[in-house]
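Asker: Residue numbers (UniProt numbering): 1 to 142.
Cβ coordinates follow ideal geometry from the N, Cα and C atoms, glycine included.
Values in this document were obtained by computation on a predicted structure and should not be read as measured data.
What follows is a single structure, and I will ask about it in a moment.
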């Protein structure tokens with residue numbers, strides 16, 4: 001009996017490396033594009049339960065752009081789980097201290113909230129400047 005199979009069984013063996021320069025890009029637009037690529041939705045063999053074999057390198061995280069008055073009004077909230085453990089930081093303070101954390105929070109918010117989302121985010125590397133240790137890889141620039 002010949003049964004048509006719609007599920008693609010072979011995984012891509014080679015790792016595809018993407019290089020994203022965050023300089024003069026809007027935070028949300030850049031993050032949604034990266035999340036789209038991480039989920040492999042740009043490929044014709046997209047499956048929601050499968051993670052692709054790719055790595056994304058983001059450089060110039062400190063030069064990310066935002067619109068409006070978010071630089072002063074946007075807050076990042078986290079809690080340690082202990083009494084009195086609420087930490088609130090504004091965008092401007094976080095941008096001065098740890099600029100790559102802003103892009104990290106934005107991308108994580110656009111990925112699934114399960115083990116697949118954690119696995120997908122492990123393939124993202126964010127660097128503050130344009131210096132990164134992945135010069136030897138064959139990079140596709142976005």
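(1) Per DSSP, residue 55 forms a beta bridge with which residues?
(2) Per DSSP, which residues does residue 139 bridge with? Please list them.
(3) Are there 16 or more other CB atoms within 10 angstroms of the CB of residue 47, so buried, or fewer, so exposed?
(4) Alpha carbon to alpha carbon, how far is residue 89 from residue 18? Give it in angstroms, no decimals.
(5) Which one or two residues does DSSP pair with residue 124 in a beta bridge?
(6) Kindly indicate the opening and closing residues of the beta strand (DSSP E) around residue 78.
(7) Just how far apart, CA to CA, sit residue 61 and residue 45?
(8) Helix, strand or coil for residue 71, going by three-state DSSP, please let me know.
Answerer: On the basis of the coordinates in this document:
(1) Within the chain shown, numbered from 1, the residue matching residue 55 stands at position 55. Looking at the DSSP assignment, residue 55 forms a beta bridge with 17.
(2) Here residue 139 refers to the residue found at position 139 when the chain shown is read from its first residue. For residue 139, the pairing in a beta bridge is given by DSSP as 17.
(3) To locate residue 47, count along the chain shown from 1; it is residue 47. Counting Cβ neighbours within 10 Å, residue 47 comes out exposed, since fewer than 16 surround it.
(4) In the chain shown, the residue the question calls residue 18 occupies position 18. In the chain shown, the residue the question calls residue 89 occupies position 89. Answer to the nearest angstrom: the Cα atoms are 31 Å apart.
(5) One-based indexing of the chain shown puts residue 124 at position 124. DSSP, once it has assigned bridges, lists 56 as partnering residue 124.
(6) Reading the chain shown from its first residue, position 78 is the one you call residue 78. Run containing residue 78: 75-79, per the beta strand (DSSP E) assignment.
(7) Against the chain shown, residue 61 aligns to sequence position 61. Against the chain shown, residue 45 aligns to sequence position 45. Rounded to whole angstroms, residue 61 to residue 45 spans 31 Å at the Cα level.
(8) Sequence index remark: in the chain shown, residue 71 carries index 71 (1-based). If DSSP states are grouped into helix, strand and coil, residue 71 belongs with the helices.
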